[in-house]
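Each residue of the sequence shown is one higher than the one before, starting from 18 at the first, in the working numbering.
Shown next, in structure tokens, is the structure this report addresses.
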Amino acid sequence: MVEAAITPKTKAIIVVHLFGKVCDMRSISRIAERHGIAVVEDMAQSLGARLWGNMCGNLGDIAALSFYPTKNLGGIGEGGMVLTKRDDLAHRVRMLRVHGMDQVPYLHQLIGINSRLDEIKACALVEKLRIWRPGTRSASPMPRLTTGTSRNCLWCCPRWKVPGLMSFTST
Ligand SMILES: Cc1ncc(COP(=O)(O)O)c(C=O)c1O
Numbered sequence: 018m019v020e021a022a023i024t025p026k027t028k029a030i031i032v033v034h035l036f037g038k039v040c041d042m043r044s045i046s047r048i049a050e051r052h053g054i055a056v057v058e059d060m061a062q063s064l065g066a067r068l069w070g071n072m073c074g075n076l077g078d079i080a081a082l083s084f085y086p087t088k089n090l091g092g093i094g095e096g097g098m099v100l101t102k103r104d105d106l107a108h109r110v111r112m113l114r115v116h117g118m119d120q121v122p123y124l125h126q127l128i129g130i131n132s133r134l135d136e137i138k139a140c141a142l143v144e145k146l147r148i149w150r151p152g153t154r155s156a157s158p159m160p161r162l163t164t165g166t167s168r169n170c171l172w173c174c175p176r177w178k179v180p181g182l183m184s185f186t187s188t
């Protein structure tokens, strides 16, 4: 189903590890490799969740994390983090978060945003991270296979039988 949606314009597959459950990243990565496109992980709800022993955020090209207070690692307001091992993406994200600036002040090379995490929020997160443990339990298979259409979007909740560890919000 994912592969069928790929067109020559497709640049990346975005997976959402929803409710603490990691997507089937082996299949997704194989598809991405076949088409030479990137994989973006939305792990806003899944910090600490694992699949085959690998923690999410480490399974694609780049991952986005939310520190909104209701999330797995909730902070003291809005905030988030991007994780990547790719230097090119890290560089681009660093520029995007500060209005598209690189080394030269006031030389805006990209259309960026103001997305800096301020120090007070960062301090609170660092302190919380010291004591934070994911509320986890072993992933169980989904009770049924569901497919359908929502507007123009074909969707599917796959049956899930891989060894994983779910991670829940504990606030
Ligand atoms: C799966 C998922 N992705 C992204 C977001 C957005 O996170 P934020 O509000 O920190 O940008 C949320 C927040 O509800 C989410 O649950």
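Every residue gets a Cβ at the ideal spot worked out from N, C-alpha and C, and that includes glycine.
Note that the coordinates shown come from a computational prediction; the quantities given were computed from them, not determined experimentally.
Relative to ligand 1, the beta carbon of Asp59 is positioned inside 7 Å of a heavy atom.
Counting only runs of 4 or more residues that sit fully inside the segment 71-129, the alpha helix (DSSP H) segments are 104-113, in chain order. The C-beta separation of Leu106 from Leu82 comes to about 15 Å, leaving the pair out of contact by the 8 Å criterion.
Under the three-state reduction of DSSP, Leu146 is assigned to helix. For ligand 1, a non-hydrogen atom lies closer than 7 Å to the CB of Val33.
About 4 Å separates the beta carbon of Leu113 from that of Gly129, a gap short enough to meet the 8 Å contact definition.
Beta bridge pairing from DSSP links Arg67 with Met72 and Leu182. Ranked by Cα distance from Ile148, the options Lys38, Asn131 and Gly91 are led by Gly91.
Assignment of Gly152 by DSSP, reduced to helix, strand and coil, places it in the strand class. A straight-line Cα-Cα distance of about 9 Å links Tyr123 and His116. Within the DSSP secondary-structure output, Asp59 pairs in a beta bridge with Val33 and Ala81.
Set against 7 Å, the gap from the CB of Tyr85 to the closest heavy atom of ligand 1 is smaller.
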